[in-house]
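Colleague: A single structure is presented below for examination.
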Amino acid sequence: MNLGRRNRVKAEGGMSSMTDLVFLMLIFFIIMSTMTSPGIDVNLPTSDNVVTAPDQPEVHVGITMNNMYNFQDAQDVLYTYEEIEPMIIQKMNEDLAGNDKIKISGDQDADYQFVFKIIALAKAQEWKPILVFKNN
């Protein structure tokens with residue numbers, strides 16, 4: 023004998039209202055995209071003032087993915103931190119009397135500690151480090 027219940031209540035939600043909503047949104051976006059104009063002429067204001075770019079740093083230190091340093095975008099010459107530290111200090115002190123910005127670019131595969139060594143040097147010397155992300 024089968025004494026189980028035959029009429030069970032389904033606990034699932036209906037998807038018909040969701041599909042109706044998706045189709046209504048699709049129709050709305052299709053109609054709105056056909057009503058837009060391809061281009062509008064805009065009269066932008068002009069100025070007679072000349073705007074100059076801010077001072078760019080002259081000293082650039084890069085950290086490679088092998089955790090070595092290059093100086094002034096010389097990609098083929100690599101240094102350790104002990105070798106490059108006096109070079110950076112000398113270049114910043116002699117050539118850049120008014121500019122205290124140093125550009126630091128670290129490869130995405132370089133270890134953080136090698137980038138932070140240059141940042142710590144810049145902060146100790148009261149320079150302003152500019153960090154640049156370098157992708158392979």
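Sequential numbering of the sequence shown, starting at 23, is according to our numbering. Quick reminder that beta carbons are idealized off the backbone N, C-alpha and C, glycines included.
1) How should Met37 be labelled, buried or exposed, when 16 other C-beta atoms within 10 angstroms of its C-beta is the threshold for buried?
2) Decide yes or no for the touch test of the segment 89-106 against the segment 129-149: beta carbon pairs closer than 8 Å, at least 3 of them.
3) Looking at the unbroken beta strand (DSSP E) that takes in Tyr101, where does it start and where does it end?
4) Pop quiz: Leu153 and Glu107 are said to be a contact at Cβ under 8 Å. What is the actual Cβ separation, rounded to whole angstroms?
5) Let's test the definition: count the other Cβ atoms within 10 Å of the Cβ of Met47 and tell me whether it reaches 16, buried, or not, exposed.
6) Find the nearest neighbour of Lys145 within the set Ile126, Tyr101, Ala96 and Gln130, judged by alpha-carbon distance.
7) In whole angstroms, what is the alpha-carbon distance linking Phe155 and Asp122?
8) Compute the Euclidean distance between the alpha carbons of Met109 and Lys150, then round it to the nearest angstrom.
Modeller: Result, derived from the coordinates:
1) Taking the sequence shown and counting its residues from 1, one reaches residue 37 at position 15. Exposed is the call here.
2) Between the segment 89-106 and the segment 129-149, the count of Cβ pairs shorter than 8 Å is three or higher; the stretches touch.
3) Working through the sequence shown from its first residue, we reach residue 101 at position 79. Note, Tyr101: premise wrong, no beta strand (DSSP E); not H, not E.
4) Sequence index remark: in the sequence shown, residue 153 carries index 131 (1-based). Sequence index remark: in the sequence shown, residue 107 carries index 85 (1-based). About 18 Å; that fails the 8 Å criterion.
5) Indexing the sequence shown from 1 puts residue 47 at position 25. Here Met47 is exposed: its Cβ has fewer than 16 other Cβ atoms, across all protein chains shown, within 10 Å.
6) Taking the sequence shown and counting its residues from 1, the one referred to as residue 145 is at position 123. Comparing Cα positions, the closest option is Ile126.
7) The sequence position of residue 155 within the sequence shown is 133, counting from 1. The sequence position of residue 122 within the sequence shown is 100, counting from 1. Within the model, the alpha-carbon separation for Phe155 versus Asp122 is close to 20 Å.
8) Within the sequence shown, the letter at position 87 stands for residue 109. Within the sequence shown, the letter at position 128 stands for residue 150. Each residue's alpha carbon lies about 17 Å from the other.
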